[in-house]
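Structure, as structure tokens:
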Amino acid sequence: MLEQFFEEGIALGLAQAGAVSVLVLATVLVARRQGIHLEKESSVAMVRGLVQIVVVGSVLVLLLQGPQWTSVLVLAGMMIAGATIAARRARGIPGAFSISLYGIAFGSGVVIGAMTFLGVIEAGISSLVPVGSMVIASAMRTSSLALDRFHSEVTGHTGEVETKLSLGVAPAAVVSPYVETAVTASLIPHIDSLSSLGIVWIPGLMAGMVLAGTDPVYAAVYQFAVIAMILGASGLTSLVTTLLIRQRAFSAAEQLVLRPEAA
Amino acid sequence: MSALVPVLRTERLGRKVGDLHIVKDISFELWAGDFLAVTGPSGSGKSSLLRLLNRLDEPAEGTVFVGGRDYRDMAPRELRRRVGMVSQRPFLFPGTVTHNVAFGPDQRGEQVTEGLVSGLLGRVGLAGYEERDVGHLSGGEAQRVSLARTLANSPEVLLLDEPTSALDEKAVMDVERLICSVLAEPGLSGIVVTHDRDQAARMANRVMIVERGEMARIGPTEEVLRA
Numbered sequence: 025m026l027e028q029f030f031e032e033g034i035a036l037g038l039a040q041a042g043a044v045s046v047l048v049l050a051t052v053l054v055a056r057r058q059g060i061h062l063e064k065e066s067s068v069a070m071v072r073g074l075v076q077i078v079v080v081g082s083v084l085v086l087l088l089q090g091p092q093w094t095s096v097l098v099l100a101g102m103m104i105a106g107a108t109i110a111a112r113r114a115r116g117i118p119g120a121f122s123i124s125l126y127g128i129a130f131g132s133g134v135v136i137g138a139m140t141f142l143g144v145i146e147a148g149i150s151s152l153v154p155v156g157s158m159v160i161a162s163a164m165r166t167s168s169l170a171l172d173r174f175h176s177e178v179t180g181h182t183g184e185v186e187t188k189l190s191l192g193v194a195p196a197a198v199v200s201p202y203v204e205t206a207v208t209a210s211l212i213p214h215i216d217s218l219s220s221l222g223i224v225w226i227p228g229l230m231a232g233m234v235l236a237g238t239d240p241v242y243a244a245v246y247q248f249a250v251i252a253m254i255l256g257a258s259g260l261t262s263l264v265t266t267l268l269i270r271q272r273a274f275s276a277a278e279q280l281v282l283r284p285e286a287a
Numbered sequence: 043m044s045a046l047v048p049v050l051r052t053e054r055l056g057r058k059v060g061d062l063h064i065v066k067d068i069s070f071e072l073w074a075g076d077f078l079a080v081t082g083p084s085g086s087g088k089s090s091l092l093r094l095l096n097r098l099d100e101p102a103e104g105t106v107f108v109g110g111r112d113y114r115d116m117a118p119r120e121l122r123r124r125v126g127m128v129s130q131r132p133f134l135f136p137g138t139v140t141h142n143v144a145f146g147p148d149q150r151g152e153q154v155t156e157g158l159v160s161g162l163l164g165r166v167g168l169a170g171y172e173e174r175d176v177g178h179l180s181g182g183e184a185q186r187v188s189l190a191r192t193l194a195n196s197p198e199v200l201l202l203d204e205p206t207s208a209l210d211e212k213a214v215m216d217v218e219r220l221i222c223s224v225l226a227e228p229g230l231s232g233i234v235v236t237h238d239r240d241q242a243a244r245m246a247n248r249v250m251i252v253e254r255g256e257m258a259r260i261g262p263t264e265e266v267l268r269a
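Here's what the structure looks like:
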């Protein structure tokens, strides 16, 4: 229907974004009637998301004409931004930013590097930046989830943790059940995404490739490869994040420093 | 260990949280066979003092000597094996009684025989409980398992933080008697934190009274509690 009022291009895009925004606004109003206040966070996220994606789109236009190495800078910038956002969700955890940054950089860096080397991701900016951004964004979500879950597990079990420390158990062994829980919980969304692929959802990348005229079977297999890459990167991110936070949870004298009151 | 050296000695021990001294300038000695009760009003710093003794918290001032050795020079795991702690709540780990009792040595890769577990359970009055699931134990039984679990590390000093405060009246007396009988065994000294002066009088041969984080009095039980 919108096509009848707007010509193709930026005007049509803005109209589509406006229509979706109205829908989100309606959801926020319904939630408000139930006493759930999402107004501020939703509106800030919507405006930020729109501005950021438009800026990125504009930057991509410039980058596509630039040298290939600039994609590395863009991906590095995304990793830093991702670590900043993940750390914001992990208040109360000492060194949350550096933990997130190392986790995201290692998880997504290894996967993007290896897949680019093998040719699964084309080395060109037009392929490397969008696919890389999907991998980094998922690593960021995984890092947030792993940090949050580990923090709640440990602070919810301080009695058990200190009982084990008092029995002379090594800190790594003390928190190993919580590391396992945090890694598993942080990967659930990605495992669900992979197992529901094609049944519950057809991701945008595949839809875009098909619309652009790519063979649908190749598009489907490539989409699987991307989702599997995301799972791989997220797994590495989660492992590195939880291993690092495990060290920060204790002092050099093996005292628990991750405490509820620090949150 | 030499009889001339106290099993545990604190030297001007203190801990601050922010600007507040929750433990201040506490020096005392615990000799082999001593059973010291630390008592005082709620929030006076009794449990905070206990947590400093096995270094669950870091002192802001002073230090602790275990067998004459500054505990900052000891590996924390060795310290905590030698200075064992039983907390107010037992915090048993899911599984059987045996799994709990053998937990400490197991985690260090030490062999724990069935005979050793049975012996420890016999000492705490739970003979035959080896295969019981800890989810089915009463409060008193759970606290006994907690005591056996700490004893499995063969500690030299036993720290007990309000060990009976979560129990009913009958279980309190049973656990009290049990702790006294365990601490009567040679080679073991103990420190119990309790808000109950009567309990301190029943259990310990020495008493320390803590007020506002500072040691107000220390000495033989009758002398201190009569004052």
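Line by line, the protein sequences give chains E and A. Using this note's numbering, the first residue of the first sequence is number 25, and each one after it goes up by one. Using this note's numbering, the first residue of the second sequence is number 43, and each one after it goes up by one. Glycine is no exception: its CB is placed at the ideal position from the N, C-alpha and C atoms. Computed from a predicted model, the values in this text were never measured in an experiment.
Applying the 10 Å Cβ sphere with the 16-neighbour rule, what's the burial state of residue i?
i	result
residue 214 (chain E)	buried
residue 186 (chain E)	buried
residue 169 (chain A)	exposed
residue 204 (chain E)	exposed
residue 60 (chain E)	exposed
residue 69 (chain A)	exposed
residue 245 (chain A)	buried
residue 25 (chain E)	exposed
residue 128 (chain E)	buried
residue 117 (chain A)	exposed
residue 83 (chain A)	exposed
residue 113 (chain A)	buried
residue 48 (chain A)	buried
residue 34 (chain E)	exposed
residue 254 (chain A)	exposed
residue 151 (chain E)	exposed
residue 29 (chain E)	exposed
residue 126 (chain A)	buried
residue 287 (chain E)	Caution applies to residue 287 (chain E), whose pLDDT of 39 falls short of 50 and renders its modelled position unreliable; the value that the coordinates give is listed next. With fewer than 16 Cβ atoms within 10 Å of its Cβ, residue 287 (chain E) is classed as exposed.
residue 236 (chain E)	exposed
residue 147 (chain E)	exposed
Let me make sure I understand the geometry here. Which of the options has the alpha-carbon closest to that of residue i?
i	options	result
residue 209 (chain E)	E:220, E:240, E:176 and E:227	E:176
residue 237 (chain A)	A:140, A:109 and A:205	A:205
residue 216 (chain A)	A:117, A:167 and A:233	A:167
residue 69 (chain E)	E:52, E:227 and E:265	E:52
residue 77 (chain A)	A:265, A:243, A:57 and A:256	A:243
residue 98 (chain A)	E:229, E:120, E:195 and E:62	E:195
residue 219 (chain A)	A:195, A:182 and A:250	A:182
residue 108 (chain E)	E:133, E:62 and E:120	E:120
residue 92 (chain A)	A:210, A:209 and A:257	A:257
residue 140 (chain A)	A:163, A:127 and A:132	A:163
residue 145 (chain A)	A:176, A:109, A:74 and A:194	A:194
residue 131 (chain A)	A:255, A:186 and A:240	A:186
residue 53 (chain A)	A:269, A:129, A:152 and A:108	A:108
residue 156 (chain E)	E:182, E:74 and E:97	E:97
residue 65 (chain A)	A:239, A:50, A:233 and A:87	A:87
residue 173 (chain E)	E:274, E:86, E:92 and E:269	E:269
residue 152 (chain A)	A:188, A:196 and A:95	A:196
residue 39 (chain E)	E:236, E:266 and E:27	E:27
residue 86 (chain E)	E:136, E:153 and E:138	E:153
How many whole angstroms separate the CB atoms of residue i and residue j, which I take to be in contact at a CB cut-off of 8 Å?
i	j	result
residue 113 (chain E)	residue 67 (chain E)	In fact, because the Cβ distance is near 19 Å, the residues do not count as touching under 8 Å.
residue 110 (chain E)	residue 171 (chain E)	7 Å
residue 159 (chain A)	residue 173 (chain A)	That belief does not hold up - the Cβ atoms of residue 159 (chain A) and residue 173 (chain A) are roughly 10 Å apart, past 8 Å.
residue 88 (chain E)	residue 149 (chain E)	6 Å
residue 72 (chain A)	residue 199 (chain A)	7 Å
residue 188 (chain A)	residue 134 (chain A)	7 Å
For residue i, which beta-bridge partners are listed by DSSP?
i	result
residue 256 (chain A)	A:66 and A:253
residue 51 (chain A)	A:71 and A:107
residue 82 (chain A)	In the DSSP output, where bridge partners are listed per residue, residue 82 (chain A) has none listed.
residue 233 (chain A)	A:78 and A:201
residue 274 (chain E)	E:280
residue 15 (chain E)	Within the shown structure, residues of chain E are numbered from 25 to 287, placing residue 15 (chain E) beyond reach of any answer.
residue 138 (chain A)	A:175
residue 126 (chain A)	A:200
residue 248 (chain A)	A:78 and A:262
residue 148 (chain A)	DSSP lists no partner for residue 148 (chain A).
residue 57 (chain A)	A:65
Just checking residue i against the ligand GTP - is the residue's beta carbon closer than 7 Å to any of the ligand's heavy atoms?
i	result
residue 196 (chain A)	Because no ligand of any kind appears in the structure shown, any question about the ligand GTP cannot be addressed here.
What are the residues in the stretch 184-215 of chain E lying within 7 Å of chain A by C-beta distance?
184, 186, 187, 189, 190, 191, 192, 193, 194 and 197
Listed from N- to C-terminal order along the chain, which residues in the stretch 79-108 of chain A have their beta-carbon within a distance smaller than 7 Å of any beta-carbon of chain E?
96, 97, 98, 99 and 100
Residues within the stretch 267-279 of chain E neighbouring chain A, beta-carbon criterion of under 8 Å
275, 277, 278 and 279
Which residues, in chain order, does the stretch 61-73 of chain A contribute to contact with chain E at a C-beta distance below 9 Å?
none
Any residues in the stretch 149-168 of chain A with a beta carbon nearer than 9 Å to a beta carbon of chain E? Which ones, in chain order?
149 and 150
Along the stretch 110-121 of chain A, where does the CB come closer than 7 Å to a CB of chain E? Name the residues.
Of all residues in the stretch 110-121 of chain A, 118 and 119 have a Cβ within less than 7 Å of some Cβ in chain E.
At a CB distance below 7 Å, what residues from the stretch 195-224 of chain A approach chain E? Give them in sequence order.
Residues 195.
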